[in-house]
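385 is the number of the first residue of the sequence shown in this note's numbering; add one for each residue after it.
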Amino acid sequence: RYSYIVGSAIENEFLHVETMPFMEWHLHRYGRSYGDKRDVYKRPDAKNNQSYNAQNANADMVYCFTYAPSGEVLPKQQIRMPPTLKTLSQCRDGPFKNMGAGPQREHLAKSLH
Numbered sequence: 385r386y387s388y389i390v391g392s393a394i395e396n397e398f399l400h401v402e403t404m405p406f407m408e409w410h411l412h413r414y415g416r417s418y419g420d421k422r423d424v425y426k427r428p429d430a431k432n433n434q435s436y437n438a439q440n441a442n443a444d445m446v447y448c449f450t451y452a453p454s455g456e457v458l459p460k461q462q463i464r465m466p467p468t469l470k471t472l473s474q475c476r477d478g479p480f481k482n483m484g485a486g487p488q489r490e491h492l493a494k495s496l497h
């Protein structure tokens with residue numbers, strides 16, 4: 385994941401300044417959000433900051449960047465599309481590793497999609 389985050393930043397003229405464990409960041413007590421469609425129905429627990437399914441504050445990292453425009457026109461961005469629902473449903477590792485076929489697998493794939 386690190387290479388995608390830093391690589392994307394560099395493609396957009398941001399320089400990587402620092403990476404630190406989330407719990408060492410001075411704003412670690414503030415409520416976090418997913419930053420996507422899940423925020424509509426799944427608000428973080430601001431008090432405990434631990435209502436994420438797959439994000440543990442003790443394992444998260446904070447990436448710091450500074451914008452450094454070159455003045456040049458940026459090349460076309462390299463966009464990597466996320467996996468399809470079908471691809472997630474057929475996954476055999478991660479949380480799907482010991483899960484058989486059925487509604488539980490489909491539910492997990494839909495929640496990740």
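Cβ coordinates follow ideal geometry from the N, Cα and C atoms, glycine included.
Note that this is a predicted model, so its numbers are computed, not measured.
Burial state of residue i (16 or more Cβ within 10 Å)
i: A493; result: buried
i: L399; result: exposed
i: L472; result: buried
Nearest-angstrom beta carbon gap, residue j and residue i [assumed within contact, 8 angstroms]
i: Q488; j: E395; result: At roughly 38 angstroms, the Cβ-Cβ gap does not stay under 8 angstroms, so Q488 and E395 are not in contact.
i: F480; j: A393; result: Contact flag wrong, Cβ pair sits at about 30 angstroms.
Residue of the options minimising C-alpha distance to residue i
i: T457; options: D477, S387, E402, E397; result: Looking at the sequence itself, residue 457 is Val, so the reference to Thr does not match. Among D477, S387, E402, E397, the Cα nearest to that of V457 is on E397.
i: A452; options: R385, Y388, V401; result: V401
i: L496; options: K481, F406, L469; result: L469
i: P500; options: M445, G391, G455, H412; result: Because the chain spans 385 through 497 in this model, residue 500 falls outside it and cannot be assessed.
i: Q474; options: A485, R464, P466; result: A485
i: H410; options: P466, A441, D420, P459; result: A441
i: R385; options: D420, R476, A443, R413; result: A443
i: G391; options: R413, D477, R464, G478; result: R464
Cross-strand partners of residue i (DSSP beta bridge)
i: L445; result: At residue 445 the sequence reads Met, which differs from the Leu that was named. Paired residue(s): P405.
i: F480; result: DSSP lists no partner for F480.
i: T450; result: L399
Close-in-space but distant-in-sequence residues of the same chain around residue i (CB under 8 angstroms, 5 per side omitted)
i: M483; result: R489, L492
Nonlocal neighbours in the same chain, by C-beta distance under 6 angstroms from residue i, ignoring five residues either side
i: Y447; result: I389, T403
CB contact check: residue i to chain B, cutoff 8 angstroms
i: S454; result: Absence of chain B from the displayed structure is noted, only one protein chain being present.
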